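Taken in sequence, the protein lines are chains A and B. With this note's numbering, the residue at position 367 of the first sequence is 910, and numbering never jumps. With this note's numbering, the residue at position 316 of the second sequence is 859, and numbering never jumps. In what follows, a single structure is set out as structure tokens and then discussed.
Number of protein chains: 2
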Amino acid sequence: MHRLPRDPFLRSPLRLGNLLRTGRSRCDMENEPASATKDGSLHGYESLHRLLSSELPPHLFQEVSRVLYGCNRGSAVTPVPQTEDLSAAAKEGNFDVQTFEFTADLEQMRAPRNVCVGLIQNAIVLPTTEPFLKQKHAIMERVTSLIESAAKAGVNILCLQEAWTMPFGFCTREKRWCEFAESAEAGESTKLLQGLAQRYNMVIVSPILERDESHGSTIWNTAVVIGNHGNVIGKHRKNHIPRVGDFNESTYYMEGNTGHPVFETEFGKIAVNICYGRHHPMNWQAFGMNGAEIVFNPSATVGDLSEPMWPIEARNAAIANSYFVGAINRVGTEVFPNEFTSGDGKPAHKDFGHFYGSSFVAAPDASCSPSLSRCRDGLLVAKLDLNLCQQLKDKWGFRMTSRIDMYADFFREYVQHDFKPQVIHDSYLDGLPAMNSRTT
Amino acid sequence: MHRLPRDPFLRSPLRLGNLLRTGRSRCDMENEPASATKDGSLHGYESLHRLLSSELPPHLFQEVSRVLYGCNRGSAVTPVPQTEDLSAAAKEGNFDVQTFEFTADLEQMRAPRNVCVGLIQNAIVLPTTEPFLKQKHAIMERVTSLIESAAKAGVNILCLQEAWTMPFGFCTREKRWCEFAESAEAGESTKLLQGLAQRYNMVIVSPILERDESHGSTIWNTAVVIGNHGNVIGKHRKNHIPRVGDFNESTYYMEGNTGHPVFETEFGKIAVNICYGRHHPMNWQAFGMNGAEIVFNPSATVGDLSEPMWPIEARNAAIANSYFVGAINRVGTEVFPNEFTSGDGKPAHKDFGHFYGSSFVAAPDASCSPSLSRCRDGLLVAKLDLNLCQQLKDKWGFRMTSRIDMYADFFREYVQHDFKPQVIHDSYLDGLPAMNSRTT
Numbered sequence: 544m545h546r547l548p549r550d551p552f553l554r555s556p557l558r559l560g561n562l563l564r565t566g567r568s569r570c571d572m573e574n575e576p577a578s579a580t581k582d583g584s585l586h587g588y589e590s591l592h593r594l595l596s597s598e599l600p601p602h603l604f605q606e607v608s609r610v611l612y613g614c615n616r617g618s619a620v621t622p623v624p625q626t627e628d629l630s631a632a633a634k635e636g637n638f639d640v641q642t643f644e645f646t647a648d649l650e651q652m653r654a655p656r657n658v659c660v661g662l663i664q665n666a667i668v669l670p671t672t673e674p675f676l677k678q679k680h681a682i683m684e685r686v687t688s689l690i691e692s693a694a695k696a697g698v699n700i701l702c703l704q705e706a707w708t709m710p711f712g713f714c715t716r717e718k719r720w721c722e723f724a725e726s727a728e729a730g731e732s733t734k735l736l737q738g739l740a741q742r743y744n745m746v747i748v749s750p751i752l753e754r755d756e757s758h759g760s761t762i763w764n765t766a767v768v769i770g771n772h773g774n775v776i777g778k779h780r781k782n783h784i785p786r787v788g789d790f791n792e793s794t795y796y797m798e799g800n801t802g803h804p805v806f807e808t809e810f811g812k813i814a815v816n817i818c819y820g821r822h823h824p825m826n827w828q829a830f831g832m833n834g835a836e837i838v839f840n841p842s843a844t845v846g847d848l849s850e851p852m853w854p855i856e857a858r859n860a861a862i863a864n865s866y867f868v869g870a871i872n873r874v875g876t877e878v879f880p881n882e883f884t885s886g887d888g889k890p891a892h893k894d895f896g897h898f899y900g901s902s903f904v905a906a907p908d909a910s911c912s913p914s915l916s917r918c919r920d921g922l923l924v925a926k927l928d929l930n931l932c933q934q935l936k937d938k939w940g941f942r943m944t945s946r947i948d949m950y951a952d953f954f955r956e957y958v959q960h961d962f963k964p965q966v967i968h969d970s971y972l973d974g975l976p977a978m979n980s981r982t983t
Numbered sequence: 544m545h546r547l548p549r550d551p552f553l554r555s556p557l558r559l560g561n562l563l564r565t566g567r568s569r570c571d572m573e574n575e576p577a578s579a580t581k582d583g584s585l586h587g588y589e590s591l592h593r594l595l596s597s598e599l600p601p602h603l604f605q606e607v608s609r610v611l612y613g614c615n616r617g618s619a620v621t622p623v624p625q626t627e628d629l630s631a632a633a634k635e636g637n638f639d640v641q642t643f644e645f646t647a648d649l650e651q652m653r654a655p656r657n658v659c660v661g662l663i664q665n666a667i668v669l670p671t672t673e674p675f676l677k678q679k680h681a682i683m684e685r686v687t688s689l690i691e692s693a694a695k696a697g698v699n700i701l702c703l704q705e706a707w708t709m710p711f712g713f714c715t716r717e718k719r720w721c722e723f724a725e726s727a728e729a730g731e732s733t734k735l736l737q738g739l740a741q742r743y744n745m746v747i748v749s750p751i752l753e754r755d756e757s758h759g760s761t762i763w764n765t766a767v768v769i770g771n772h773g774n775v776i777g778k779h780r781k782n783h784i785p786r787v788g789d790f791n792e793s794t795y796y797m798e799g800n801t802g803h804p805v806f807e808t809e810f811g812k813i814a815v816n817i818c819y820g821r822h823h824p825m826n827w828q829a830f831g832m833n834g835a836e837i838v839f840n841p842s843a844t845v846g847d848l849s850e851p852m853w854p855i856e857a858r859n860a861a862i863a864n865s866y867f868v869g870a871i872n873r874v875g876t877e878v879f880p881n882e883f884t885s886g887d888g889k890p891a892h893k894d895f896g897h898f899y900g901s902s903f904v905a906a907p908d909a910s911c912s913p914s915l916s917r918c919r920d921g922l923l924v925a926k927l928d929l930n931l932c933q934q935l936k937d938k939w940g941f942r943m944t945s946r947i948d949m950y951a952d953f954f955r956e957y958v959q960h961d962f963k964p965q966v967i968h969d970s971y972l973d974g975l976p977a978m979n980s981r982t983t
């Protein structure tokens, strides 16, 4: 597990980030060698892409990049120039900012459908021991400044990370974190973002802990979709709830009841696959079947648990469903006031592990952007031509070859109590003569 | 597109392979610099893993490996020692051989369930201008020698590549390649493998072009599963048929009619997701729902088309379905007698591109093996403890959180002609006042 140093204040990546030399891709620590075990970096590099591009000769990196990150219309997805304004804000605010462009072929019957998407990843700002309201307001202030930078970059659709207003306290199993829950339609975070959305003409996806007063004050893990006029377009509740090891979010909220809505905004059709839903290929697929062109995956996940899965699942979804995916993970190690155990035989501890950031955008043509920092707040900006979605649908034909009717029948059978899996036994296993296998 | 030199004989990787210095991970060409454009290698490296492990300092490679290849019970999936016998056979036969082990936690209520799996990737042996029977027999001879090596390695379950008895002539749209089709139960290739399966006590999965005499002599893309006693356990027909660009395999055969069978063998429950089916997450899932512990994905796919997808789809399937995947791709550039076009505006040509090999094993814990060579025949041997499948099911809980009933209902609705996608419009798009979005 990647841990930050013992001093609780130094365990905030925001502060550690000050030690990172942001002008270089390798971020050496002062007075001691950079280490993957201390600052959440990869031996001093903020991301895999930066490590590889710095350490490999250019001709080899080009090939490695082609295999690992794919090509968008024949070229690697490379950074596009940022305004001085944006770079200055990133330097001043000590966050990683990266800007990319995904293009599509020009068509004869319709114009390009360009949209600028933004992803924000961030650490909590204050220690979890501070008063809750103070903690929330500090995060809101930080995220507001990041949203202002997104506006500078011309972002049309922005998505924040899962449960962005709070520390990810669900690992503690303490109910007091429920206090961070808000009304999706009228909560403080929604009101804040409505103002920003209107001011910056920006669609904002806001994943929060929701309290639904209309239905017994129940708690949900919800993404609120706010239109670029400041209106609440709607909301979606997390469909699949993790019980991973002893980490059981159903201590707090249950499986969502909002289906697989696609939100038709001025800038494109979007959907939100919240966190653990990324492990469920059908969840991704259902958003695609409802017409999504961009699916955001706001997440909160730690290194030891899921890091090797992270570059795979969102990209697989983008490929299989011919849409863009914006994958977002929070960053930093959150230390909680009281110790808790994790059902793994290890001693009680006060943190869940290092949230490894690494947010990125994946495209339907199997290309993807490099990731944001593994150890600092970040803003990823990607200019997309949404025409790429239909072009890839037409090229690969995954929809027309998907045989949904066959799977509809199969799933209907599967959920019956007397379902018999389609298994063909080797007849030798039953001691029968060869050549006459039977099906159960 | 990675092309081999102009001389048609030099375009066989088998022959080019003789120039590769197999004792070193970097395979320099004689008298000229190695190049990704000539021999199908990555600038002289046979695989991405070899490139990275050679070019990066060990402490950085360790971190890169952790992110890219995952960990199996805390460690990278590393090569295990090979017998001298096997190494000698690989050197003599000029093929890449790699051996790995995936372990599981020890359980108290059942013993480890160890099985040794083998994957074979190979180029065609003779030019496609040779008489068909001669071509087929030359491949059969080569593959027999590779199977003998697999037996030396102690392989229990072996899978060959898609349509292994023939060049992948479907890109030409010429019907004469149908001559390679055989009876699944009684064809020459099946008879050959039945003998080898019995001799070596090995389950063999044999993906061939099938001609079904009982049903109007129709052609299918079929995997025959041969038991370790030499019996034919059963067969599976490719479920999803590609129409990618103008590459349309339904010129030859249609969508399979065998469902998603799992074959219960002496060594474990296996299934076969043939080639293009790897782009369909539900196809992977249905094999898992029927109980597969290992799913093979025998393929034939080329660099420009799919290489960035290759490390993603099989691994995503292994993760999402808590089973092992053996992904196999043929290798080499196959030059056909007559030129053909590819519906892409480019001039007529005689080859489909470079089949990039790169076969590998992916595990349910998100770890995976390094890949076989990108430019030579190869045998990958992986010792698996199948207990890992259930351990990962219990850890991540993807099955119990999968909500199949919800998707069964959704798919049933989707296939109706009057299906209305679940779309929530921003009311501003209709010129309506804000705050009252509507659902269609």
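Just so you know, even glycine gets a beta-carbon here, dropped at the ideal spot from N, CA and C. All values derive from a computational prediction rather than experimental measurement.
message: Cutting at 8 Å between CB atoms, please list the residues of its own chain near residue 930 of chain A, excluding the five before and the five after it.
response: Once the five neighbours on either side are set aside, the close Cβ partners of residue 930 of chain A are 647, 648, 650, 653, 655, 656.
Given residue 906 of chain B as reference, the closest of B/588, B/616, B/595 once Cα atoms are compared: The residue with the shortest Cα to Cα distance from residue 906 of chain B is B/616.
message: Output needed in chain order: residues of the segment 799-827 of chain B with a Cβ under 8 Å from some Cβ in chain A.
response: If the cut-off is 8 Å between Cβ atoms, the segment 799-827 of chain B has 802, 803, 804, 805, 806, 807, 808, 809, 812, 819, 822, 823, 824, 825, 827 near chain A.
task: Can you check DSSP and say which residues form a bridge with residue 761 of chain A?
output: Residue 761 of chain A pairs with A/755.
- prompt: Quick one: what's residue 701 of chain B bridged to in DSSP?
  reply: Note: residue 701 of chain B sits in a beta bridge opposite B/661, B/747.
- prompt: Using a C-beta to C-beta distance shorter than 9 Å, which residues of chain A count as neighbours of residue 958 of chain B?
  reply: Listed along chain A are 947, 948, 951, each with a C-beta nearer than 9 Å to that of residue 958 of chain B.
query: So which residues of chain A does residue 613 of chain B contact, with C-beta pairs closer than 7 Å?
result: By Cβ distance, chain A contributes 851.
Touching by the beta-carbon criterion (3+ pairs, under 8 Å), the segment 891-911 of chain A and the segment 744-754 of chain B: Counting Cβ pairs under 8 Å, fewer than three are found: no touch.
query: For residue 845 of chain B, which residues of its own chain have a beta-carbon under 8 Å away from its beta-carbon, when the five flanking residues on both sides are left out?
result: Answer for residue 845 of chain B: 544, 895, 896, 897, 898, 899, listed in chain order.
Chain B within 9 Å of residue 745 of chain A, Cβ atoms only: Residue 745 of chain A does not count as touching chain B.
query: Just to confirm, are residue 877 of chain B and residue 667 of chain B a CB contact at a threshold of 9 Å?
result: Yes. Within cutoff.
field: With 16 other Cβ atoms within 10 Å as the buried cut-off, status of residue 512 of chain B
entry: Since the first residue of chain B shown is 544 and the last is 983, residue 512 of chain B is not available in this structure.
query: Would you say residue 972 of chain B faces chain A, with C-beta separation under 9 Å as the test?
result: At a cut-off of 9 Å between beta-carbon atoms, residue 972 of chain B makes contact with chain A.
message: Any beta carbon from chain A within less than 9 Å of residue 561 of chain B's own beta carbon?
response: Residue placement at residue 561 of chain B is poorly supported in this model, since its pLDDT is 37, which falls under 50; the coordinates still yield a value, given next. Interface annotation, residue 561 of chain B: not in contact with chain A, CB-CB separation never under 9 Å.
field: Nearest neighbour of residue 923 of chain B, chosen from B/618, B/604, B/596, B/622 [CA to CA]
entry: Of the candidates B/618, B/604, B/596, B/622, B/622 places its Cα closest to the Cα of residue 923 of chain B.
query: In angstroms, rounded to a whole number, what distance separates the CA positions of residue 582 of chain B and residue 918 of chain B?
result: Cα to Cα, the separation comes out at about 7 Å.
- request: Compare the C-beta of residue 961 of chain B with all C-beta atoms of chain A and state if any pair is closer than 9 Å.
  value: By this cut-off, residue 961 of chain B is not an interface position.
Span of the beta strand (DSSP E) around residue 585 of chain A: That residue, residue 585 of chain A, is in no beta strand (DSSP E); it is neither H nor E in DSSP.
- request: Could you name the residues of the segment 683-712 of chain B whose beta carbon sits closer than 7 Å to any beta carbon of chain A, in the order they occur along the chain?
  value: Against chain A - using a Cβ distance shorter than 7 Å - the segment 683-712 of chain B contributes no residues.
Residue-level contact to chain B via CB, residue 859 of chain A, 9 Å cutoff: Interface residue, yes.
query: Got a sec? Which residues, its chain only, sit under 6 Å from residue 757 of chain A by beta carbon, not counting five neighbours each side?
result: Within the same chain, residue 757 of chain A has no close Cβ partners at all.
- request: Name, please, each residue of chain A whose Cβ falls closer than 8 Å to the Cβ of residue 832 of chain B.
  value: Per Cβ cutoff of 8 Å: 953, 957, 964.
Own chain partners of residue 893 of chain B with C-beta closer than 8 Å, once the 5 adjacent residues on each side are dropped: Excluding positions up to five away in sequence, the list reads 878, 879, 880, 881, 882, 883.
message: For a contact defined as C-beta to C-beta under 9 Å, what are the partners of residue 786 of chain A on chain B?
response: Under the 9 Å cutoff, chain B gives 939, 940, 943, 944.
Simplified DSSP state of residue 779 of chain A, which is helix, strand or coil: The answer is strand: DSSP assigns residue 779 of chain A an E or B state.
field: Opening and closing residue of the beta strand (DSSP E) in which residue 928 of chain B lies
entry: Run containing residue 928 of chain B: 921-928, per the beta strand (DSSP E) assignment.
message: Which residues in chain B have a C-beta closer than 8 Å to the C-beta of residue 877 of chain A? List them in chain order.
response: Result: empty, since nearest Cβ-Cβ is about 22 Å, beyond 8 Å.
- request: On a CA-only basis, which of B/631, B/638, B/840 is nearest residue 686 of chain B? Give me that one, please.
  value: Closest in alpha carbon position to residue 686 of chain B, among B/631, B/638, B/840, is B/638.
message: Three or more C-beta pairs under 8 Å: does that hold for the segment 686-695 of chain B against the segment 714-727 of chain B?
response: Touching, no.
- prompt: In three-state DSSP terms, what is residue 828 of chain A?
  reply: Helix at residue 828 of chain A.
- request: Give the residues of chain B in contact with residue 770 of chain A, contact being defined as C-beta atoms less than 7 Å apart.
  value: Simply 969, 971.
- prompt: Should residue 618 of chain B go down as buried or exposed, given a rule of 16 or more other Cβ atoms within 10 Å for buried?
  reply: Residue 618 of chain B is exposed by the Cβ-count criterion.
message: Please identify, using Cβ separations under 8 Å, the residues of the segment 900-919 of chain B that lie next to chain A, in order along the chain.
response: Of all residues in the segment 900-919 of chain B, 909, 910 have a Cβ within less than 8 Å of some Cβ in chain A.
query: Rounded C-beta distance between residue 868 of chain A and residue 806 of chain A? I'm assuming under 8 Å.
result: Contact doesn't hold; Cβ gap of about 15 Å is too wide.
- prompt: Interface residues of chain B around residue 870 of chain A at Cβ under 7 Å?
  reply: Contact note: residue 870 of chain A does not reach chain B at a C-beta cutoff of 7 Å; the least C-beta distance is about 13 Å.
- request: Closer than 7 Å by C-beta to residue 782 of chain A: which residues in its own chain qualify, once you throw out the five before and the five after it? Chain order, please.
  value: Around residue 782 of chain A: 798, 799, 820, 826.
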